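Asker: Take the sequence shown: its letters are residues 5 to 280, numbered as in the working numbering. Just so it is clear, CB atoms sit at the ideal spot from N, CA and C, and this is done for glycine as well. Only a predicted model underlies this, so the values are computations on that prediction, with no experimental measurement involved.
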Amino acid sequence: MTKHEFRYASHPEDAKKYGTEELRKHFLIDTLFEDGIINLIYSMYDRYIVGGAKPAGKDLRLETIPYLKSENFLDRRELGIVNVGEKGKVSVDGTIYELDKKEALYVAKGAKEVIFKGEGSPLFYLNSAPAHHSFETKKVGKENAEVIELGDEKYANKRILNKLIVNSIVETCQLQMGITELVHGNVWNTMPAHTHERRMEAYFYFDLEEGQTVCHFMGQPQHTRHIFMEGNQAVLSPEWSIHSGSGTSNYSFIWGMAGENLDYGDMDVCPPNQLK
Numbered sequence: 005m006t007k008h009e010f011r012y013a014s015h016p017e018d019a020k021k022y023g024t025e026e027l028r029k030h031f032l033i034d035t036l037f038e039d040g041i042i043n044l045i046y047s048m049y050d051r052y053i054v055g056g057a058k059p060a061g062k063d064l065r066l067e068t069i070p071y072l073k074s075e076n077f078l079d080r081r082e083l084g085i086v087n088v089g090e091k092g093k094v095s096v097d098g099t100i101y102e103l104d105k106k107e108a109l110y111v112a113k114g115a116k117e118v119i120f121k122g123e124g125s126p127l128f129y130l131n132s133a134p135a136h137h138s139f140e141t142k143k144v145g146k147e148n149a150e151v152i153e154l155g156d157e158k159y160a161n162k163r164i165l166n167k168l169i170v171n172s173i174v175e176t177c178q179l180q181m182g183i184t185e186l187v188h189g190n191v192w193n194t195m196p197a198h199t200h201e202r203r204m205e206a207y208f209y210f211d212l213e214e215g216q217t218v219c220h221f222m223g224q225p226q227h228t229r230h231i232f233m234e235g236n237q238a239v240l241s242p243e244w245s246i247h248s249g250s251g252t253s254n255y256s257f258i259w260g261m262a263g264e265n266l267d268y269g270d271m272d273v274c275p276p277n278q279l280k
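1. Which partner residues does L130 have in the DSSP bridge list?
2. Beta strand (DSSP E) containing L186: first to last residue?
3. From the DSSP output, in three-state form, read off E75 for me.
4. So is K167 buried or exposed if we call it buried at 16+ other beta carbons inside 10 Å?
5. Cα separation between R203 and M5?
6. Quick one: grab the DSSP three-state call for T24.
7. How far does the beta strand (DSSP E) with D18 in it extend, from its first residue to its last?
8. Go through its chain and collect everything with a Cβ distance to D272's Cβ below 8 Å, but skip five positions before and after it.
9. Quick check on the DSSP output: the beta strand (DSSP E) that includes D156 runs from which residue to which?
10. Give a yes or no on whether the C-beta atoms belonging to P275 and P196 are separated by under 7 Å.
11. As a quick exercise: from L44, G155, N236 and E175, pick the residue whose alpha carbon is nearest that of A135.
12. For the structure I just gave you, are there three or more beta carbon pairs, one from the stretch 119 to 132 and one from the stretch 76 to 85, closer than 8 Å?
13. With which residues is K143 paired in a DSSP beta bridge?
14. Helix, strand or coil for K93? Go by DSSP, reduced to three states.
15. Rounded to a whole number of angstroms, what is the C-alpha to C-alpha distance between T141 and F208?
16. Please confirm if E264 has its CB atom under 7 Å from at least one CB of chain B.
17. State the DSSP-derived secondary structure class of F37, mapped to helix, strand or coil.
18. Compute the distance between the beta-carbons of F31 and V239, then report whether it is under 7 Å.
19. Within its chain, find whatever has a CB closer than 6 Å to the CB of E243; leave out the 5 residues flanking it on each side and keep chain order.
20. Look at the alpha carbon of A206 and the alpha carbon of D50, and state the distance between them as a whole number of angstroms.
21. Would I344 be called buried (16 or more neighbouring beta carbons within 10 Å of its own) or exposed?
22. Taking just the CA atoms, how far does D79 sit from I231?
23. Tell me the start and end of each unbroken beta strand (DSSP E) in the stretch 181 to 241 that is at least 3 residues and wholly inside, in chain order.
24. So, is G251 buried or exposed, given that buried needs 16 or more other C-beta atoms within 10 angstroms?
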């Protein structure tokens, strides 16, 4: 079974006027994983799709949705999959890929059949963007990731960045994905904050201790807003918005992005003391 939802893009001047409920309605994705269901949220930010698949004992086929006007989901799209649960399997046109937790699979434009297998208890987090070319479907295991250490314990933002679906590892049209893991005792992510008007982004928070929360900061650097989030929830980040967070414990998050370029370092940094 597939559920789908449509989200319009918001102008930054409008977002300044949103209260808590409106912010959560437009940007927070609070339910991604339901037993035996694929949840898909189609966003007008670069026509990005955020989703989750929880097989829970039965195979789930990725079906097209009305907004795509295509026979198959990937006729004009590419797809990134990251497993955030127990070991699982994904079948792409009959080829089986095994994914451990925090391993990724890039599925190229043109694949006809994607099936999330029902064995075990995997949780498949999904990002998809429009594609103009068909590259190669490729698994990205832990040994393939580009690993970078960032931050400083002095500023409570020491973290490990794992680049998974990036062009130095696998060719894509515009989709980029990776995992950032906060070191124990550190709580800030993406600080100093930044924007990148060439790309939108989505954050998915997970491995958050039960009963704890992450406060996700968004908005223009001088007009910030916040959304409190739980584990296994995602948030849309427009091109005009910062995307940063602080938790009541350490956690991990998946960043996914699409837009004008594939340069991970293309960002406009805002020093912490200039945020308002």
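Answerer: Concretely, from the data shown:
1. Paired residue(s): G55 and I85.
2. Its beta strand (DSSP E) spans residues Q180 to L186.
3. Secondary structure at E75: coil, using DSSP grouped into helix, strand and coil.
4. By the 16-neighbour rule on beta-carbons within 10 angstroms, K167 is buried.
5. Here the C-alpha atom of R203 lies approximately 31 Å from the C-alpha atom of M5.
6. Looking at T24 - three-state DSSP - the assignment turns out to be helix.
7. Premise fails: D18 lies in the alpha helix (DSSP H), P16 to A19, not in any beta strand (DSSP E).
8. Within the same chain, H198, T199, H200 and E201 come within 8 Å of D272 by CB-CB distance, once the 5 residues on both sides are set aside.
9. Annotation for D156: no beta strand (DSSP E) segment contains it, and DSSP assigns it neither H nor E.
10. Against a cut-off of 7 Å, the Cβ pair of P196 and P275 comes out as a contact.
11. Looking only at L44, G155, N236 and E175, the smallest Cα-Cα distance to A135 is reached by E175.
12. Verdict: yes, contact present.
13. Answer by DSSP bridge pairing, in chain order: L109.
14. DSSP places K93 in strand when its eight states are reduced to three.
15. When rounded, the distance between both Cα atoms is 23 Å.
16. The structure shown contains no chain B, having only a single protein chain.
17. If DSSP states are grouped into helix, strand and coil, F37 belongs with coil.
18. Contact: yes.
19. Cβ within range, chain order: E201 and M204.
20. Spanning the two alpha carbons is a distance of roughly 11 Å.
21. The shown model of the chain, from 5 to 280, leaves out residue 344, and the question about it has no answer.
22. Rounded to whole angstroms, I231 to D79 spans 35 Å at the Cα level.
23. Segments of the beta strand (DSSP E) lying fully in the stretch 181 to 241: 197 to 199, 203 to 210, 218 to 224, 227 to 233 and 237 to 241.
24. Buried is the call here.
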